[in-house]
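Participant:
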Amino acid sequence: MPRPDHAVIAAAGFGSRLGRGHPKCLLEVAGKPLLRWQLDLLTDVPDVRVVVGFQEDAVTDLARRLRPDVTIVRNPAFAGTSALASYALGGRYVAEPCLFMDGDIIFDPVTFQAFCERAGDRPLVGYTDAKTQDPVYVDIDEPAQLVRGFSRTDVSAFEWANLLCVPGDALEQGLPGRPASASTVFEYLRTQLAPVAGLGAAYLRSYEIDRPQDLAVAIAALAPGARPSAGRACRSASRGCS
Numbered sequence: 169m170p171r172p173d174h175a176v177i178a179a180a181g182f183g184s185r186l187g188r189g190h191p192k193c194l195l196e197v198a199g200k201p202l203l204r205w206q207l208d209l210l211t212d213v214p215d216v217r218v219v220v221g222f223q224e225d226a227v228t229d230l231a232r233r234l235r236p237d238v239t240i241v242r243n244p245a246f247a248g249t250s251a252l253a254s255y256a257l258g259g260r261y262v263a264e265p266c267l268f269m270d271g272d273i274i275f276d277p278v279t280f281q282a283f284c285e286r287a288g289d290r291p292l293v294g295y296t297d298a299k300t301q302d303p304v305y306v307d308i309d310e311p312a313q314l315v316r317g318f319s320r321t322d323v324s325a326f327e328w329a330n331l332l333c334v335p336g337d338a339l340e341q342g343l344p345g346r347p348a349s350a351s352t353v354f355e356y357l358r359t360q361l362a363p364v365a366g367l368g369a370a371y372l373r374s375y376e377i378d379r380p381q382d383l384a385v386a387i388a389a390l391a392p393g394a395r396p397s398a399g400r401a402c403r404s405a406s407r408g409c410s
């Protein structure tokens, strides 16, 4: 499958759980802001959209310096909505497969590329080893590489990696002002998309920066000379693990 031609980065939130008073996508890890980590993965994607809200001028300035042809999408309701609304705004009017990701995550390039190569034939959800302080656990049928369910309470070895590929307009019901069928992306996937099309699953090595502890994990893992940990999902070379 060719790589998707569209990508949406949700970068509108407060980043309040880090307690730093600025958007998480501006935070530097290993010398690069998080937004650059993501845009560096999307150089071959012709249509990249960054959804802004909190401190939108600062995020817009960085995005345009890093990628002059980026499309900026405003989420004026960012203070009262979740990433679902930002995804829906960013993917509006796009009928083709579109990558959706949160703006506070660093993805390993090898496993990200493997995800993109599988994207397009059905809704595809990224999952990673459970390691954050506030995970959305994912129940995976590993042989079939399908998602069986999401949960905040049923602990599993994996969590959702906040990476998704679906037709851009598939999340339209998440637009601000629409009747709420779900309040978060994973709830929308579980209730709206999974029953219709099923959800494929693809492993990624990734680091979500949501809380100070998550930041410490990412800094340690990405420090010069550090070797990536061999999570249980990294036993298969077919998943892009080295």
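Note that the sequence shown covers residues 169 to 410 in my numbering. The C-beta atom is built at its ideal place from N, Cα and C for all residues, glycine as well.
Please classify S351: is it buried, with 16 or more other beta-carbons within 10 angstroms of its beta-carbon, or exposed?
Facilitator: In the sequence shown, counting from the first residue as 1, residue 351 sits at position 183. Under this definition S351 is an exposed residue.
Participant: Name the two residues that bound the continuous alpha helix (DSSP H) containing R286.
Facilitator: Reading the sequence shown from its first residue, position 118 is the one you call residue 286. Counting along the chain, the alpha helix (DSSP H) containing R286 begins and ends at P277 to R286.
Participant: Pull up the DSSP beta-bridge partners for A369, would you.
Facilitator: Stepping through the sequence shown from its first residue, residue 369 is reached at position 201. BP columns for A369 point to V293.
Participant: Here's a check: name, in chain order, each residue in its chain whose Cβ is nearer than 6 angstroms to the Cβ of G258, leaving out the five neighbours to either side.
Facilitator: Numbered from 1 along the sequence shown, position 90 holds the residue referred to as residue 258. Hits under 6 angstroms: V176, R217, V219 and V241.
Participant: Taking the DSSP output, what are the residues bridged to W328?
Facilitator: What you label residue 328 is simply residue 160 of the sequence shown in a count that begins at 1. DSSP output for W328 lists Y295 as bridge partner(s).
Participant: Hey, how far is the Cα of R316 from the Cα of M269?
Facilitator: Numbered from its first residue, the sequence shown carries residue 316 at position 148. Numbered from its first residue, the sequence shown carries residue 269 at position 101. Cα-Cα distance, rounded: 21 angstroms.
Participant: How should D302 be labelled, buried or exposed, when 16 other C-beta atoms within 10 angstroms of its C-beta is the threshold for buried?
Facilitator: For the purposes of this step, residue 302 is taken as the residue at position 134 of the sequence shown. D302 should be labelled exposed.
Participant: Which stretch, first to last residue, makes up the beta strand (DSSP E) that contains V315?
Facilitator: Counted from its first residue, the sequence shown places residue 315 at position 147. First-last of the beta strand (DSSP E) with V315: L314 to S319.
Participant: Could you check how far apart the C-beta atoms of F326 and A370 are, in whole angstroms? I think they sit under 8 angstroms.
Facilitator: Stepping through the sequence shown from its first residue, residue 326 is reached at position 158. Stepping through the sequence shown from its first residue, residue 370 is reached at position 202. Incorrect: roughly 11 angstroms between the Cβ atoms, too far for contact.
Participant: Return helix, strand or coil for E224, following the three-state DSSP convention.
Facilitator: Along the sequence shown, one-based indexing puts residue 224 at 56. It is helical.
Participant: Return the first residue and the last residue of the beta strand (DSSP E) that S374 is part of.
Facilitator: Within the sequence shown, numbered from 1, the residue matching residue 374 stands at position 206. It spans S374 to E376 - the beta strand (DSSP E) in which S374 sits, taken as one unbroken run.
Participant: Below 8 angstroms on the Cβ atoms is my guess for P344 versus A245; work out the distance and round it to an integer in Å.
Facilitator: What you label residue 344 is simply residue 176 of the sequence shown in a count that begins at 1. What you label residue 245 is simply residue 77 of the sequence shown in a count that begins at 1. About 4 angstroms separates the two Cβ atoms, so the contact holds.
Participant: What residue range is occupied by the uninterrupted alpha helix (DSSP H) comprising Y356?
Facilitator: Residue 356 sits at position 188 when you count from the first residue of the sequence shown. Unbroken alpha helix (DSSP H) run through Y356: V353 to Y356.
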